[in-house]
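Participant: To start, I am sharing the structure in question, which I have written as structure tokens.
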Amino acid sequence: MTRLTQASIETLARTALVRHGASERQAGALAAAVAAAERDGLKSHGLMYLPTYCEHLTCGKVLGLAEPRLTRPAPAVVAVDAGNGFAHAAIALGLPALIEAARTQGVAALAVRNSYNCGALGYHTENIAQAGLVGLGFTNAPASIAPWGGRKAALGTNPWSLAVPDGQGGARFVIDQSASVVAKSEVIKRARAGEPIPPGWAFDASGETTTDAGEALKGTMAPAGGYKGVGSALLVEVFAACLTGANPGLVASPFSGTAGGPPGTGQFFLAISPDATSAGAFAGNLETIAGAFVGEARLPGTRRFGAREQNTKDGIEVAAETLAALEKLAGIAA
């Protein structure tokens, strides 16, 4: 096990992405998010996905030289066509305009279309919260959840995220959760390692509960909360696909493997100014609510913030085999 700084992980990741065909804009935005995920203990959105990102650059599932294009359809609306590049570069282009619009209009929206997986959605909504705004985000994904009572996938795991400002340039808390019991990346990780998954995470191709990660990837993900999870996935699909003009999950190619072209999925963000809506009551009401989370009752994001503090101080643990794979991708001789 080796300990690395966030900056060194970001540099290695950016070098690897550029080496496999990404532009500096595309590689820089994604590498920053990958390093931040490692810092926050979100391994399933960190370096474990870098080989897949590089593979998808090589096979054309992601267009590494894509230049995202920003338009302003309305005073409170920012739209970015990612051009089938990584979502991170498109979101990074759109966020400053979104934040400015929310501060002047009170509420503003950012619609991103024709993009690839945006990684940890909370990374992006937290950036909105750090600007003093409430950030709400949605991102759709290739279909992997079946309608309640069905067997054929119709909706993605479709995460949504809420980040709330703390009034001091940070986030009071961050919610980042998928419509499935667990993120699909967790099942992929177990399948690669040849490890079983807990009961209730997924169904096999016959619609039966399975603990075999490989069989789960042939079937569907279990929705969180049963039929309520399907409703959550449908909510996200409306925002991230219908409202952005992106591909619905039924049309999008898989994020895993090399089959199909670019997935063309989407992200949708709302930024809301508390000053514009709360008549000055936001901070006090927020603390009343947050005050109920004491002792063993943790606010969402507490574990993430704790890992961030620890890893910033002590360095980020990276397994030797992961580091070796990263250095190989970056073209660094052993």
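Residue numbers (UniProt numbering): 1 to 334.
We put the beta carbon where it would ideally sit given N, CA and C, even for glycine.
From a predicted model like this one, the values you see are computed outputs, not experimental measurements.
1) Could you tell me the alpha carbon to alpha carbon distance between GLY261 and SER253, rounded to whole angstroms?
2) Looking only at its chain, what residues have a beta carbon closer than 7 Å to the beta carbon of LYS184, apart from the 5 residues adjacent to it on each side?
3) Could you pull out every residue in the same chain whose Cβ sits closer than 8 Å to the Cβ of ALA216, ignoring the five residues on either side in sequence?
4) Does the beta-carbon of TRP148 have 16 or more other beta-carbons within 10 angstroms, so that it is buried, or is it exposed?
5) With a threshold of 16 other CB atoms inside 10 Å of the CB of GLN168, please say whether the residue is buried or exposed.
6) Thinking just about the alpha-carbon of each residue, which of ALA27, ALA330, VAL251 is nearest to the one in ASN140?
7) Does the segment 225-236 come into contact with the segment 63-81, if we say contact requires no fewer than three beta-carbon pairs (one atom in each stretch) closer than 8 Å?
8) In the DSSP assignment, find the unbroken beta strand (DSSP E) run with PHE268 in it and report its ends.
9) DSSP three-state label for ILE185, please.
10) Let's see if you can read the secondary structure: which residues bound the alpha helix (DSSP H) around ARG303?
11) Is the distance from the Cβ of TYR49 to the Cβ of VAL62 below 9 Å?
12) Do you know offhand how far THR11's Cα is from ALA31's?
13) Does DSSP put PHE177 in a helix, in a strand, or in coil?
14) Please report the distance separating the alpha-carbon of GLN105 from that of LEU270.
15) State buried or exposed for ILE289, treating a residue as buried only when at least 16 other CB atoms are found within 10 Å of its CB.
16) So for ASP275, helix, strand or coil by DSSP?
17) Within this structure, are the beta carbons of GLY21 and GLY83 separated by less than 9 Å?
18) Looking only at its chain, what residues have a beta carbon closer than 6 Å to the beta carbon of ALA101, apart from the 5 residues adjacent to it on each side?
19) With 16 other CB atoms within 10 Å as the buried threshold, where does VAL174 fall?
20) Terminal residues of the continuous alpha helix (DSSP H) containing ASN117?
21) Excluding sequence positions up to five away, which residues of its chain have a Cβ less than 7 Å from the Cβ of LYS152?
22) So, using beta-carbon positions, are SER115 and GLY226 closer together than 9 Å?
23) I need the boundaries of the beta strand (DSSP E) containing LEU70, first residue and last residue.
24) Kindly give me the distance between the Cβ atoms of GLU38 and GLY46, rounded to whole angstroms, as I take these residues to be in contact under 8 Å.
25) Just mark CYS118 as buried or exposed, buried being the case when its beta carbon has 16 or more other beta carbons within 10 Å.
26) Report back the beta-carbon spacing between ALA129 and PRO96 to the nearest angstrom; my notes put them in contact at under 8 Å.
27) Indicate whether GLY137 and LEU162 have their beta-carbon atoms separated by less than 9 Å.
28) What do you reckon, are the CB atoms on residue 340 and LEU286 nearer than 9 Å?
29) Tell me whether the beta-carbon of ALA92 lies closer than 9 Å to the beta-carbon of ALA29.
30) Is SER206 buried or exposed, if buried means 16 or more other CB atoms sit within 10 Å of its CB?
31) Pick out whichever of ARG113, ASP40, ASN311, LYS313 has its Cα sitting closest to the Cα of GLU126.
Facilitator: On the basis of the supplied data:
1) On the sequence shown, position 261 is the one that residue 261 refers to. On the sequence shown, position 253 is the one that residue 253 refers to. The alpha-carbon atoms of GLY261 and SER253 are separated by roughly 7 Å.
2) Along the sequence shown, one-based indexing puts residue 184 at 184. Excluding residues within five positions, the ones whose Cβ falls inside 7 Å are SER144, THR157, MET221.
3) Translated into the one-based positions of the sequence shown, residue 216 becomes position 216. Contacts found: VAL187, ALA191, ILE197, TRP201, ALA202, PHE203, ASP204, THR210.
4) The count along the sequence shown starts at 1 and reaches residue 148 at position 148. Counting Cβ neighbours within 10 Å, TRP148 comes out exposed, since fewer than 16 surround it.
5) Position 168 of the sequence shown holds residue 168. So GLN168 counts as exposed.
6) If you number the sequence shown from 1, residue 140 lands on position 140. Of the candidates ALA27, ALA330, VAL251, the one whose C-alpha sits nearest the C-alpha of ASN140 is VAL251.
7) The segment 225-236 makes no contact with the segment 63-81; the number of CB pairs closer than 8 Å stays below 3.
8) What you label residue 268 is simply residue 268 of the sequence shown in a count that begins at 1. First-last of the beta strand (DSSP E) with PHE268: 265-272.
9) Residue mapping note: residue 185 aligns to position 185 of the sequence shown, counting from 1. Contrary to the premise, residue 185 reads as Ser rather than Ile in this sequence. The answer is helix: DSSP assigns SER185 an H, G or I state.
10) As a position in the sequence shown, residue 303 is number 303, starting the count at 1. Its alpha helix (DSSP H) spans residues 302-314.
11) For the purposes of this step, residue 49 is identified with residue 49 of the sequence shown, where counting begins at 1. For the purposes of this step, residue 62 is identified with residue 62 of the sequence shown, where counting begins at 1. Not a contact, by the Cβ cut-off of 9 Å.
12) Working through the sequence shown from its first residue, we reach residue 11 at position 11. Working through the sequence shown from its first residue, we reach residue 31 at position 31. For THR11 and ALA31, the distance between alpha carbons rounds to 7 Å.
13) Along the sequence shown, one-based indexing puts residue 177 at 177. The question names Phe, yet the displayed sequence has Gln at residue 177. DSSP places GLN177 in strand when its eight states are reduced to three.
14) Taking the sequence shown and counting its residues from 1, one reaches residue 105 at position 105. Taking the sequence shown and counting its residues from 1, one reaches residue 270 at position 270. Cα to Cα, GLN105 sits roughly 12 Å from LEU270.
15) As a position in the sequence shown, residue 289 is number 289, starting the count at 1. Answer is exposed; the Cβ neighbour count stays below 16.
16) Within the sequence shown, residue 275 is the residue found at index 275, counting from 1. Helix.
17) Within the sequence shown, the letter at position 21 stands for residue 21. Within the sequence shown, the letter at position 83 stands for residue 83. In this structure, GLY83 does not lie closer than 9 Å to GLY21 by Cβ.
18) Residue 101 sits at position 101 when you count from the first residue of the sequence shown. Result list for ALA101: ALA76, ALA108, in chain order.
19) Stepping through the sequence shown from its first residue, residue 174 is reached at position 174. With 16 or more other Cβ atoms within 10 Å, it is buried.
20) Translated into the one-based positions of the sequence shown, residue 117 becomes position 117. That residue, ASN117, is in no alpha helix (DSSP H); it is neither H nor E in DSSP.
21) Position 152 of the sequence shown holds residue 152. The answer, listed in chain order, is ALA146.
22) Residue numbering aside, residue 115 sits at position 115 when the sequence shown is read from its first letter. Residue numbering aside, residue 226 sits at position 226 when the sequence shown is read from its first letter. Result no, Cβ atoms of SER115 and GLY226 do not sit closer than 9 Å.
23) Numbered from 1 along the sequence shown, position 70 holds the residue referred to as residue 70. 69-74 is the extent of the beta strand (DSSP E) around LEU70.
24) As a position in the sequence shown, residue 38 is number 38, starting the count at 1. As a position in the sequence shown, residue 46 is number 46, starting the count at 1. Right, their Cβ atoms sit about 4 Å apart.
25) Reading the sequence shown from its first residue, position 118 is the one you call residue 118. That one is buried.
26) Within the sequence shown, residue 129 is the residue found at index 129, counting from 1. Within the sequence shown, residue 96 is the residue found at index 96, counting from 1. The Cβ separation is near 15 Å, so there is no contact.
27) As a position in the sequence shown, residue 137 is number 137, starting the count at 1. As a position in the sequence shown, residue 162 is number 162, starting the count at 1. Going by C-beta atoms, GLY137 is nearer than 9 Å to LEU162.
28) Lying before the first or after the last residue shown, residue 340 is absent from the chain, which here runs from 1 to 334.
29) Residue numbering aside, residue 92 sits at position 92 when the sequence shown is read from its first letter. Residue numbering aside, residue 29 sits at position 29 when the sequence shown is read from its first letter. Yes, Cβ-Cβ distance for ALA92 and ALA29 is below 9 Å.
30) Numbered from 1 along the sequence shown, position 206 holds the residue referred to as residue 206. Exposed, since its Cβ has fewer than 16 Cβ neighbours within 10 Å.
31) By one-based count along the sequence shown, residue 126 stands at place 126. Among ARG113, ASP40, ASN311, LYS313, the Cα nearest to that of GLU126 belongs to ASP40.
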